[in-house]
Every structure is written in C-alpha cells, then in structure tokens.
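Below: one structure, written as structure tokens.
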Amino acid sequence: LVALLLSLWQDYRLCQAMEEIDTRRWGAVFSHDDGAGPSSLPSPRDDGWEFDVFLSFRGQDTRNGFTGHLYQALLEKGVTVFIDDQTLEKGEKVEELFRFIERSRIFVPIFSRGYADSVWCLQEIAKIVECGRSILPVFFHVEPSEVQNQRGPFRPAFESHEKNEGLKEEDVSKWKDALRKVGEISGFNLKDAN
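Per mature numbering (1 follows the signal peptide of the UniProt record, and there is no 0): the sequence shown = residues -17 to -1, 1 to 177.
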C-alpha cells in the first residue's frame, strides 16, 4: 500500500513537473519572454495541496495498529498525511474537516468493522467521493461487498442510522451511495493484518 501510494505521489510530481516545463516553454513562445522563471520545479505543497494523503478511519478500530503504522511509513517516505488527531480537536465542526479533505490529493479510507458506526466517518467518505480524486480503499477485516451493499457489520450501523430521527434521510442515502461507489474500487483486502 505504501509503495502504491508513493508511486501515485511520484507520478503526480512527474506530471506536475512536465506541466511546469511545458508552461515555461509555451509561455516563452507566446509572450516573447526570455524563458527566465523559477529555477526549481514546484513541490506538491506548492500547487495548493496541503496534504498528499488523507486517511479516513475509525479511530478505535485501527488507530493504534494498522492506521498508525501506515501513517508512520508514509511520513518516513516524505509524504504529507492528514490524520484526524493531528489537526482537528474533538468536537470541531465537520466543515473544518471538509476543508482538509478538499486540500488533500489522494484518499485512503480504511474500512473496518466499526467504520459505519461513525457518522463522522460516513460524512468523510461522502465528501471524499464528492471530490472525485484518487481513492485507494483498504478493507480491514471486512469484505468489499459488505461496504458496497451495507451488509455484515455495516448493516446494523445503517439500521440504526435510518431509525435515528436526528439524521436526515438524504444524508443516510448519500452515505450509502458513497460506500457503494468506493466498494466497487479495487483496493486492498486485509483480513489477517493487525
């Protein structure tokens, strides 16, 4: 997973560098510029992305195991990673979380048995799908079909959400749709990982 994320990040940086080179070359042709410009190519943070990777996960399921190890491995490779305990204080508004999602390049939702119990996680995944960027799902002790069809451990969570009068029906529907879409993406199915 780390290797694939690094490959995507490097491919992105290469594409960005090629665009910068092309812009300089054609900009000089059309503006009769001498071609002088910045002497170095931009880093991923220079293009408006604050984070290379956004990790979406249920804290009590994976924070001190798989997610924590993935986070450390990515940091060691120089990847900037958003993880919810890093920036947001408990109880901060979801709008602030959405701003971090919008400023992230690649999304890694880590679907665990308790993921759908969390309204916070479901709001994240709906916003992630709305952004339309690269998503690399990890199915941690759950099957992709359970995520996609809200079966297995996802079923009782959604039965509870549907009965909760404090939640809007359209929000629950949006969460189901997001899970359906991400459940169709080929990702990493980790059954025996810690």
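All C-beta atoms, glycine included, are put in the ideal place defined by N, C-alpha and C.
query, result
"Mind checking who residue 89 pairs with in its DSSP beta bridge?", "36"
"Flag this pair as touching only if the segment 52 to 62 and the segment 127 to 134 have three or more C-beta atom pairs under 8 Å; answer yes or no.", "no"
"Where does residue 62 sit, in a helix, a strand or coil, going by DSSP?", "coil"
"The beta strand (DSSP E) with residue 165 in it runs from where to where?", "Residue 165 -> not in any beta strand (DSSP E); alpha helix (DSSP H) instead, spanning 152 to 166."
"Whose C-alpha, out of 81, 110, 38, is nearest the C-alpha of residue 161?", "110"
"Between 51, 150, 107, 94, which has its C-alpha nearest residue 168's C-alpha?", "94"
"Specify the secondary structure class of residue 119 as computed by DSSP and reduced to three states.", "coil"
"Under 8 Å by Cβ, that's how I've got residue 96 and residue 125 pegged, so tell me the actual separation to the nearest angstrom.", "6 Å"
"So for residue 7, helix, strand or coil by DSSP?", "Caution is warranted here: a pLDDT of 40 is assigned to residue 7, below 50, making its placement in the model unreliable, and the coordinate value is therefore given only provisionally. In the structure shown, residue 7 sits in a helix (DSSP, three-state: H, G or I)."
"Measuring CB to CB, does residue 198 end up less than 8 Å from residue 83?", "For the chain, the structure presents residues -17 to 177; residue 198 sits outside this window and is missing."
"Assuming residue 50 contacts residue 37 under a Cβ cut-off of 8 Å, what Cβ separation, rounded to an integer in Å, is found between them?", "At roughly 12 Å, the Cβ-Cβ gap does not stay under 8 Å, so residue 50 and residue 37 are not in contact."
"Buried or exposed: residue 138, going by 16 or more other Cβ atoms within 10 Å of its Cβ?", "exposed"
"Short of 6 Å in beta carbon distance, which residues of its chain neighbour residue 105, apart from the five on each side in sequence? Order them along the chain.", "158"
"Looking at residue 117 and residue 89, is the spacing between their C-beta atoms short of 8 Å?", "yes"
"Spatial neighbours of residue 140 within its chain, please: C-beta separation below 7 Å, excluding the five flanking residues on both sides.", "99, 100"
"How many angstroms separate the CA atom of residue 147 from the CA atom of residue 114?", "27 Å"
"DSSP three-state label for residue 132, please.", "helix"
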